[in-house]
Amino acid sequence: MQVAIPLFPRFTALDAVGPYEVLQRIPSIDVVFVGHQRGELRTENGMLGVNCDATFDEVGAPDVVVFPGGIGTRVLIGDEVIRGWLQAVHPGTKFTTSVCTGALLLGAAGLLDGLTATTHWRAAEELNRLGARYVPDRVVEHLPQRIITAAGVSSGIDMALRLVELLVDREAAQAAQLLIEYDPQPPFDSGSLAKADESTKARAHDFLQARK
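Note that the sequence shown ends on residue 212 in UniProt numbering; no numbers are left out.
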């Protein structure tokens with residue numbers, strides 16, 4: 001079973017690597033990083049590089065797509081290659097999914113029209129403009145349409161575990177969770193807009209502005 005994870009300049013590392021760490025634990029799943037061209041692509045801050053092993057043309061029938069997010073998604077919304085690839089492969093996938101602002105690319109390809117979907121909280125309005133209806137949930141499933149979206153960054157791990165359950169079985173998903181020792185016990189409880197206080201939100205916005 002082939003899982004394709006697109007890469008692009010200025011992607012968010014954990015959006016791609018989180019699902020990869022879950023999915024590659026399953027012996028029946030092969031993960032391929034795909035993009036416009038082969039070679040290294042660097043994350044949004046430029047500190048980490050990941051190799052893209054295949055081009056979109058070379059991966060024409062993946063079983064699953066996991067589209068990560070990152071600052072770089074904004075310039076890809078009008079990318080005809082990505083839009084065309086998603087529209088071409090989606091009819092044959094078991095699931096087409098996204099993490100964080102990867103949902104914007106699914107929306108730009110018309111795959112989220114009229115559906116509820118999630119993304120990073122800062123991109124909610126952009127997602128709505130692309131035909132989806134944003135909801136602040138961690139993972140949103142539309143199984144008849146074979147679409148799953150995950151919210152910001154770390155939620156991709158949750159979505160990947162759910163994918164393993166859907167693709168294999170519950171025990172396989174639990175085994176993958178055990179293998180990565182995913183047992184979240186964060187020292188703070190400010191991981192969503194609903195939980196964060198105003199000073200935390202202000203500091204988060206400061207960090208985002210400094211990174212541009």
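Cβ atoms here follow ideal geometry from the backbone N, Cα and C, with glycine treated the same way.
Please read these numbers as outputs of a predicted model, since none were measured by experiment.
- Taken through DSSP and simplified to helix, strand or coil, PRO144 comes out as helix.
- By the Cβ-count criterion, SER98 is buried, with 16 or more other Cβ atoms from all chains shown falling within 10 Å of its own Cβ.
- A contact is defined here as three or more CB-CB pairs under 8 Å, and the stretch 62-72 meets this definition with respect to the stretch 2-13.
- Listed in chain order, the non-local C-beta contacts of PRO19 below 6 Å within the same chain comprise VAL66, GLY156, ALA160, local neighbours out to five positions each way being set aside.
- Boundaries of the alpha helix (DSSP H) harbouring LEU167: 155-167, taken from the DSSP string.
- When the Cα atoms are used, LEU105 and ALA13 turn out to be separated by approximately 17 Å.
- Residue pairing by DSSP puts VAL139 in a beta bridge opposite ALA150.
- Under the three-state reduction of DSSP, ALA194 is assigned to coil, being neither helix nor strand.
- Residue pairing by DSSP puts SER98 in a beta bridge opposite PHE67, THR149.
- Residue pairing for PHE11: DSSP places it in a beta bridge opposite THR43.
- The Cβ neighbour count for PRO68, taken over all protein chains shown within 10 Å, is at least 16; the residue is labelled buried.
- Excluding the 5 residues flanking it on each side, ARG10 has same chain C-beta neighbours closer than 6 Å at GLU44, GLY70, ILE71, GLY72, in chain order.
- With respect to ALA151, ARG138 sits close: the two C-beta atoms are nearer than 8 Å.
- A distance below 8 Å separates the beta carbons of LEU7 and VAL50.
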